[in-house]
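Structure, rendered in structure tokens:
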């Protein structure tokens with residue numbers, strides 16, 4: 004979460020300048036995630052999965068962690084999308 008900008012000394016101007024929150028919507032917020040590929044712009048998104056899908060995703064993450072890989076669930080979802088679209092085979 005970003006640190007709040009101080010409004011001290013702004014007077015009435017504090018009420019008439021657009022806030023950073025209103026300029027950029029949460030749905031398209033660019034995030035910096037640890038372990039992400041260098042130089043790749045990530046966008047926050049929400050999806051609904053069944054409890055079984057969540058459990059499977061966690062099991063895959065844990066198996067990879069046991070092999071010494073650092074991987075998060077978001078990276079696994081990106082990998083699955085690449086696999087489904089055939090992009091993984093071309094790499």
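Residue numbers (the working numbering): 4 to 94.
Positions of the beta carbon are idealized from the N, C-alpha and C atoms, including for glycine.
No experiment lies behind these values; they were computed from the predicted model shown.
Asked, Found
"Where residue 63 falls: helix, strand or coil (DSSP)", "helix"
"DSSP-derived helix/strand/coil call for residue 74", "coil"
"Rounded C-alpha distance that separates residue 76 from residue 51", "14 Å"
"Short Cβ contact (8 Å threshold) for residue 80 with residue 64", "no"
"Sequence-distant residues of its chain with Cβ nearer than 7 Å to residue 84 (five each side left out)", "none"
"Residues of its chain near residue 57, where Cβ-Cβ distance is below 7 Å and the 5 sequence neighbours each way are ignored", "none"
"Where residue 43 falls: helix, strand or coil (DSSP)", "coil"
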